[in-house]
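This report refers to the structure that appears directly beneath it.
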Amino acid sequence: MSEIPGDLKFLKSHEWARVEDDGTVRVGISDHAQGQLGDLVYVELPEVGATVQAGHGTAVVESVKAASDIYSPVSGEIVEVNEALNDKPETINEDAYGEGWIFRVKVENRDELEDLLDADAYGELVENDD
Amino acid sequence: MTQKTVLNATHRELGARMVDFGGWDMPIAYGSQIEEHHAVRQAAGMFDVSHMTVVDLTGERTRAFLRHLLANNIDKLTKPGKAIYSCMLNERGGVIDDLIAYYLREDFFRLVVNASTRDKDLAWIEAQAAAFGVNVRERPEFAMIAVQGPAARDIVLGLLPDDSRVKVAKLGKFVAAEVEGPDGIPLFVARTGYTGEEGFEIIVPDTRAVQLWKALAEAGVAPAGLGARDTLRLEAGMNLYGQDMDEDVTPWEANLGWTVSLDEGRDFTGRAALEAQKNAGVPRTMVGLVLDEKGVLRHGQKVLSAAGEGEILSGSFSPTLNRAVAFARIPVGEPGDVRVDIRGREVPVRIVKYPFVRDGKPQDGIVI
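Chains A and B, in that order, give the protein sequences. The working numbering numbers the first residue of the first sequence as 21 and each following residue consecutively. The working numbering numbers the first residue of the second sequence as -12 and each following residue consecutively.
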């Protein structure tokens, strides 16, 4: 299991959020989550311009084994999706915290970020999960 | 209480992701499930299938008993070692389980049945066996390793002492032999499988299973988990009990008609119901589906056809075809344009003849 980057915040349901320099929030799933799901074969991305709500299903990732909803950690507007995942969903398996990001959100309310787990708390959660 | 096969510690040492499978703690994958799938299609992989139930039947009237118990005709087996695939039916013609029966001696047959159905199978077999004076003995002291793939045969043969190698090399498809393995390990080697590839399923005393597993690994056989086993058997067009058929489904409705033998004068359990359904018209049929666009077909999704609604039975992403395939049960009749409801979206699919993949290759008409 790779190290959890310290600048990330997490939902208990294993999505990560990273605040970019321009204030938008990039979202993906944790390395732990991709390991549990196994080989990913399909990602259903949201539409750019769509409005999303924190804690609501925003994308779907499908592994050979199962389909899983991806919840947005923050509310706002989708400003970019990772189109590369259409052809290479396995990028999430290979680099969950980097190239395997899923969508980017223009945040409405930055306070929502305070409700997320920090890297240490998430790390603990995952340890208890195993 | 979760049960463990004798190879459990070996799987954990290899870093396998373990899951509960019918009450057994089994490896779903050791690393990438897709790579394990390809290893079996392209070279050789092995599966711990020790959770499966071996049942030995002995007694003078064992053959007569199996004529009664099984929907396929045990009298097709005339040479020791030969095996048959069959359903075991209830009085309604529903499938209690699917199994392999081996003919070893006139007073000794061996069944291999599913793990998830163990208790009800044993109860059913014992209840039916009493009238025939047949002794039913489960063999929990056996482990089982399936070695599958185009290279599997040569690798296994290479591990055997000379006289065993000659015997095993001569085995026809669906035939088994008892031979001595490496270091004198007693083996029951069957040329059977659940992947659509060449290979063997090897029954071995549990005290020697780890040794055999390690010898196979050293010879280049890749460990493969139940995840790969599932996608391999689906591509190969093989049913999974509980998903593709159960006690409320007849073999006619599960594309298993080829395993039913309506030979004259044989009174097997479920026969009357099967004949009645055949005469009245079988209401449902099982078909193969291919999804050409993105997405994954899954168990339980609704199937829409001109003949009515049905559902996905086994469905998954096919690593060989790089798209989703499935079995579905739909009403009999002209199906028209078939669609599957994936999370509220109606996605077009094609009905195809399966197997989807055999001997490593997509079959005609599967990929267009």
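For glycine and all other residues, C-beta sits at the position ideal for the given N, C-alpha and C. What you are looking at is a predicted structure, and each value in this text was computed from that prediction instead of being measured.
If you count every other CB in all the chains shown that lies within 10 Å of the CB of residue i, and 16 or more means buried, which is it?
i, result
"T71/A", "exposed"
"L146/B", "buried"
"I355/B", "exposed"
"E67/A", "exposed"
"V153/B", "exposed"
"W245/B", "exposed"
"V93/A", "Residue identity differs from the one stated: residue 93/A is Pro in this sequence, not Val. Counting Cβ neighbours within 10 Å, P93/A comes out buried, since at least 16 surround it."
"N113/A", "buried"
"D35/B", "buried"
"G168/B", "buried"
"R330/B", "exposed"
"M13/B", "buried"
"K29/A", "buried"
"M(-12)/B", "exposed"
"P173/B", "exposed"
"A156/B", "exposed"
Check the Cβ of residue i against every Cβ in chain B and list those closer than 7 Å, keeping chain order.
i, result
"K85/A", "G214"
"Y62/A", "K281, G282, V283"
For residue i and residue j, I'd like the C-alpha separation in whole angstroms.
i, j, result
"R265/B", "A259/B", "Checking the sequence, you will find Lys at residue 265/B rather than Arg. Looking at the two C-alpha atoms, the distance is approximately 10 Å."
"I122/A", "V84/A", "18 Å"
"E22/B", "M39/B", "24 Å"
"R271/B", "E296/B", "10 Å"
"L308/B", "D7/B", "28 Å"
"V127/A", "T78/A", "14 Å"
"D106/B", "V100/B", "11 Å"
"F314/B", "V247/B", "20 Å"
"T49/B", "A293/B", "47 Å"
"G356/B", "V277/B", "No answer is possible for residue 356/B: the residues shown for chain B start at -12 and end at 355."
"W239/B", "V269/B", "7 Å"
"M273/B", "V290/B", "12 Å"
"A86/A", "G180/B", "25 Å"
"D141/B", "L249/B", "38 Å"
"G10/B", "V336/B", "35 Å"
"E93/B", "S73/B", "19 Å"
"S305/B", "A88/B", "30 Å"
"D212/A", "V41/B", "For residue 212/A there is no data in the structure shown, the boundaries of chain A being 21 and 150."
"E78/B", "L145/A", "51 Å"
"E0/B", "G320/B", "52 Å"
"G32/B", "S50/A", "30 Å"
"S103/B", "G75/A", "37 Å"
"V327/B", "Q288/B", "7 Å"
"I299/B", "N129/A", "42 Å"
"A30/B", "R97/B", "30 Å"
"P318/B", "A(-4)/B", "46 Å"
"E113/B", "F52/B", "11 Å"
"N60/B", "G183/B", "23 Å"
"A139/B", "D108/B", "31 Å"
"R4/B", "D149/A", "13 Å"
"E23/A", "G96/A", "29 Å"
"L64/B", "R28/B", "30 Å"
"V(-7)/B", "A202/B", "16 Å"
"Y62/A", "G18/B", "19 Å"
Run through chain A and tell me which residues come within less than 9 Å of residue i, C-beta to C-beta.
i, result
"I21/B", "G58, D59, V61, V84, E110"
Report the neighbours of residue i on chain A: residues whose CB is nearer than 8 Å to its CB, in chain order.
i, result
"T307/B", "Within 8 Å Cβ-Cβ: nothing; T307/B doesn't reach chain A, min ~12 Å."
"T218/B", "V84"
Taking C-beta pairs closer than 7 Å, name the residues in chain A that residue i reaches, listed in chain order.
i, result
"F304/B", "V61, V84"
If we define contact as Cβ-Cβ less than 7 Å, is residue i a contact residue for chain D?
i, result
"A16/B", "Here chain D cannot be found, since the structure's protein chains are A and B."
Checklist entry - Using 8 Å as the threshold, is the stretch 170 to 189 of chain B in touch with the stretch 109 to 127 of chain B, meaning 3 or more CB pairs across them? => result no
Checklist entry - Which ranges would you report for the alpha helix (DSSP H) in the stretch 34 to 91 of chain A if only whole runs of at least 4 residues count? => result 51 to 57
Checklist entry - At a cut of 8 Å, does the stretch 191 to 203 of chain B reach the stretch 127 to 137 of chain B through at least three beta carbon pairs? => result yes
Checklist entry - Touching or not, the stretch 150 to 165 of chain B and the stretch 223 to 233 of chain B, by the rule of three or more beta carbon pairs under 8 Å? => result no
Checklist entry - Okay, do the stretch 134 to 150 of chain B and the stretch 82 to 100 of chain B touch, 3+ Cβ pairs below 8 Å being the bar? => result no
Next on the checklist: Runs of 4 residues minimum, wholly inside the stretch 240 to 274 of chain B: which ones carry the alpha helix (DSSP H) assignment?
Outcome noted: 258 to 267
Item to check | the stretch 227 to 241 of chain B contacting the stretch 200 to 212 of chain B, beta-carbon criterion three pairs below 8 Å | outcome: no
Item to check | beta strand (DSSP E) segments (min. 3 residues) lying fully within the stretch 57 to 138 of chain B | outcome: 70 to 76, 82 to 92, 95 to 100, 122 to 125, 129 to 135
Checklist entry - Should the stretch 277 to 286 of chain B be regarded as contacting the stretch 326 to 345 of chain B, the criterion being three or more beta carbon pairs within less than 8 Å? => result yes
Item to check | alpha helix (DSSP H) runs contained entirely in the stretch 106 to 131 of chain A, provided each spans 4 or more residues | outcome: 111 to 114
Next on the checklist: List, from N- to C-terminal side, the alpha helix (DSSP H) runs of 4 residues or more that fit wholly inside the stretch 31 to 56 of chain B.
Outcome noted: 49 to 56
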